[in-house]
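For the sequence shown, our numbering gives the first residue as 9, with consecutive numbering after it. Glycine included, every Cβ here is placed at the ideal spot set by N, Cα and C. Since we're looking at a predicted model, the values are computed, not measured. One structure below.
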Amino acid sequence: MSLLPLVGSILEYGPICDHCLGRLFAKRSFGLTNEERGRALRVAHALDANIRFTPYETGTCFVCSDLFREVEVWANRVADAVRDVDHQTFVIGTRVPPMMAESEEMLWSDFSLTDPEPLKSEMNREVGKAVAGITGRRGDPKNPEVTVILNIGEEMVEVQVAPVFFYGRYRKLERGIPQTHWDCRACRGAGCEVCGGTGKQYPDSVEELIGRPVIELFKAEGAVLHGAGREDIDALMVGSGRPFIMEVIAPLQRSVDLKILESAINTAANGRVEVTIERWSGRREVETLKSHKAHKTYRILVDIEGHISLEKVEKALDALNGAVIHQRTPQRVSHRRADLVRERMVVDIGCLGVEDGQYLIEVVGEAGLYIKELISGDNGRTNPSLSAILGNPARVVTLDVISVEGMPENGEE
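Next up, the structure:
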């Protein structure tokens with residue numbers, strides 16, 4: 009069917025507004041809005057059929073129920089909803105009621121239309137232009153700081169604020185602090201007598217010590233720490249610190265000065281944790297951070313049973329230097345890790361001296377090398393180990409992480 013008879017058949021289908029009529033032929037011509045296209049088709053059809061022209065002014069569009077007469081109403085709803093959200097870019101999405109979607113798809117099918125545009129696409133565009141005019145903010149479908157969903161059926165808007173990310177390093181200066189929040193093992197976070205109603209296994213974590221000032225300054229719903237590996241709860245993280253990225257959830261404030269933030273975190277943590285914040289980051293770099301296989305340097309104090317000379321210890325360490333270690337998942341983490349045998353290399357290891365009959369040892373290990381088990385042997389699950397080479401049981405008394413190899417700049421390899 010040629011264009012104008014097709015338009016006539018559509019007009020006979022039921023009352024339809026210029027927006028919806030024009031949208032059925034949205035890919036024809038250019039430089040026109042759908043409303044302009046629809047009115048032009050209505051006029052052209054009247055001329056072609058030599059009938060009285062009747063503009064669409066009254067009645068109810070059977071496709072959109074005259075939704076496009078309310079573009080300004082929806083734009084003002086959006087502007088009100090994001091008034092207190094710090095942002096420069098946004099995108100509009102639309103949730104169309106089933107009846108509207110069905111009416112539109114019925115037209116596409118019944119008339120075998122090949123050039124239509126979905127109703128929600130036009131609504132997104134028209135409301136987006138109106139919102140930009142009201143707020144002075146910029147529509148950006150690729151990297152929006154705020155996403156606003158128009159829920160047409162419930163006549164409400166839903167605001168989704170994109171997280172922000174920043175990159176830095178932290179130093180953990182107190183033992184007994186886990187890296188991230190742990191739910192209480194007894195109640196799984198619900199709160200019970202064991203945890204004193206807190207729902208937490210430990211009173212604090214590195215994540216929470218850093219996150220509390222972050223949540224306050226960004227006026228955020230939460231903060232999630234993504235670390236480059238993790239240290240044991242009883243280990244210190246000293247030296248240059250561990251690289252991390254903090255994800256700030258639903259921040260109402262985005263333009264926070266990172267130096268002020270760094271100072272606020274260090275003041276609040278009161279010497280238990282210290283951070284250096286280097287720059288803003290993004291979600292893609294979180295993936296790079298997690299996959300980055302960084303070498304780590306440890307300083308450990310080792311107790312060895314029996315009388316072992318420094319010379320014998322140094323000889324045993326020489327045997328471990330550069331060795332590939334076969335480690336079955338340690339018993340202490342087997343409840344939460346897959347039971348596998350992993351191969352990891354000791355990059356460098358040596359004795360720094362003796363302290364009160366215990367040996368101060370520095371180890372540079374490949375990512376994923378379990379240091380405590382490298383020393384103890386974990387009942388034969390790690391091989392070779394210092395205990396096995398010496399023939400005497402050895403154990404780590406204290407463990408400090410001295411350095412973690414840094415990320416490539418901006419996450420680029």
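{"Asked": "What residues in its chain sit with their C-beta under 8 Å from that of Thr-68, if we drop five residues either side in the sequence?", "Found": "Pro-23, Asp-74"}
{"Asked": "Taking the Cβ atom as the reference point for each residue, do Ile-257 and Glu-229 lie within a distance shorter than 8 Å?", "Found": "yes"}
{"Asked": "Closer than 8 Å is the cut-off here; do at least three beta carbon pairs connect the region 145-161 with the region 94-109?", "Found": "yes"}
{"Asked": "If you drop the 5 nearest sequence neighbours on each side, which residues of the same chain put their C-beta closer than 6 Å to that of Leu-19?", "Found": "none"}
{"Asked": "Should Leu-26 go down as buried or exposed, given a rule of 16 or more other Cβ atoms within 10 Å for buried?", "Found": "A small correction: the amino acid at residue 26 is Asp; Leu does not occupy that position in the sequence shown. Buried: at least 16 other Cβ atoms inside 10 Å."}
{"Asked": "Taking 8 Å as the threshold (C-beta atoms), are Trp-288 and Phe-119 in contact?", "Found": "no"}
{"Asked": "Quick check on the DSSP output: the beta strand (DSSP E) that includes Trp-288 runs from which residue to which?", "Found": "281-289"}
{"Asked": "Could you check if Pro-186 is buried or exposed, using at least 16 other CB atoms within 10 Å of its CB as the buried criterion?", "Found": "buried"}
{"Asked": "Which full runs of the alpha helix (DSSP H) of 4+ residues lie inside the region 354-420, going along the chain?", "Found": "379-384, 394-398"}
{"Asked": "Taking all protein chains shown into account, do 16 or more other C-beta atoms lie within 10 angstroms of the C-beta of Leu-55, making it buried, or fewer, making it exposed?", "Found": "exposed"}
{"Asked": "Would Ser-10 be called buried (16 or more neighbouring beta carbons within 10 Å of its own) or exposed?", "Found": "exposed"}
{"Asked": "Which ranges does the beta strand (DSSP E) cover as unbroken runs of at least 3 residues, wholly within the region 199-250, from first to last along the chain?", "Found": "230-235"}
{"Asked": "Determine whether the beta carbon atoms of Arg-177 and Asp-242 lie at a separation below 8 Å.", "Found": "no"}
{"Asked": "Answer yes if the region 157-171 comes into contact with the region 191-204, meaning at least three C-beta pairs across the two stretches below 8 Å, and no otherwise.", "Found": "no"}
{"Asked": "Between the Cα of Met-114 and those of Leu-244, Leu-32, Val-172, spot the shortest distance and give me the residue it belongs to.", "Found": "Leu-32"}
{"Asked": "Counting along the chain, where does the beta strand (DSSP E) carrying Leu-115 start and finish?", "Found": "Per DSSP, Leu-115 belongs to no beta strand (DSSP E); it is in the alpha helix (DSSP H), 106-118."}
{"Asked": "Which class does Gln-96 belong to by DSSP, given the choice of helix, strand or coil?", "Found": "coil"}
{"Asked": "Run through DSSP, which three-state label would Val-178 get?", "Found": "Sequence inspection shows Tyr at residue 178; the Val mentioned does not correspond to that position. If DSSP states are grouped into helix, strand and coil, Tyr-178 belongs with the strands."}
{"Asked": "Taking 8 Å as the threshold, find out whether the region 331-345 comes into contact with the region 267-282 through three or more Cβ pairs.", "Found": "no"}
{"Asked": "Taking the alpha carbon of Asn-42 as the reference point, which residue from Ile-268, Pro-124, Arg-403 has its own alpha carbon closest?", "Found": "Pro-124"}
{"Asked": "With distances taken between CB atoms, is the gap from Gly-237 to Ala-140 smaller than 8 Å?", "Found": "no"}
{"Asked": "Using only the alpha-carbon positions, how far apart do Ala-57 and Leu-12 sit?", "Found": "9 Å"}
{"Asked": "Based on DSSP bridge pairs, tell me the residues matched to Asp-311.", "Found": "Arg-403"}
{"Asked": "Using C-beta distances below 8 Å, list every residue in its chain close to Ala-331, excluding the 5 sequence neighbours before and after it, in chain order.", "Found": "Met-353, Val-354, Pro-392"}
{"Asked": "Specify, as a first and last residue, the run of the beta strand (DSSP E) that His-334 falls within.", "Found": "332-336"}
{"Asked": "Report the residue from Gly-161, Glu-282, Gly-249, Ile-312 whose alpha carbon sits nearest the alpha carbon of Arg-403.", "Found": "Ile-312"}
{"Asked": "Apart from the five residues on each side of it in sequence, which residues of its chain come closer than 7 Å, Cβ to Cβ, to Gly-207?", "Found": "Asp-191, Cys-192, Cys-195, Gly-197, Ala-198, Gly-199"}
{"Asked": "Residues in its own chain within less than 7 Å of Arg-220 by CB, not counting five upstream and five downstream?", "Found": "Ala-276"}
{"Asked": "Taking the alpha-carbon positions, what's the Glu-363 to Asn-329 distance?", "Found": "22 Å"}
{"Asked": "Check the C-beta distance from Ala-231 over to Glu-201 and give it rounded, since I have them as a contact under 8 Å.", "Found": "That pair is no contact at about 29 Å."}
{"Asked": "DSSP three-state label for Glu-162, please.", "Found": "coil"}
{"Asked": "Let's test the definition: count the other Cβ atoms within 10 Å of the Cβ of Asp-92 and tell me whether it reaches 16, buried, or not, exposed.", "Found": "exposed"}
{"Asked": "Taking all protein chains shown into account, decide if Val-71 is buried (16 or more other Cβ within 10 angstroms of its Cβ) or exposed.", "Found": "buried"}
{"Asked": "Spatial neighbours of Gly-419 within its chain, please: CB distance less than 6 Å, with the 5 preceding and 5 following residues excluded, ordered by chain position.", "Found": "Residue confidence is low: Gly-419 scores 42 on pLDDT, short of 50, so the model does not pin down where it sits. No coordinate-derived value is stated."}
{"Asked": "Measuring alpha carbon to alpha carbon, tell me which of Val-81, Thr-406, Ile-397 ends up nearest Glu-322.", "Found": "Ile-397"}
{"Asked": "Please list, in chain order, all residues of the same chain as Pro-401 whose beta carbon is under 6 Å from its beta carbon, the five residues on each side excluded.", "Found": "Glu-313, Ser-395"}
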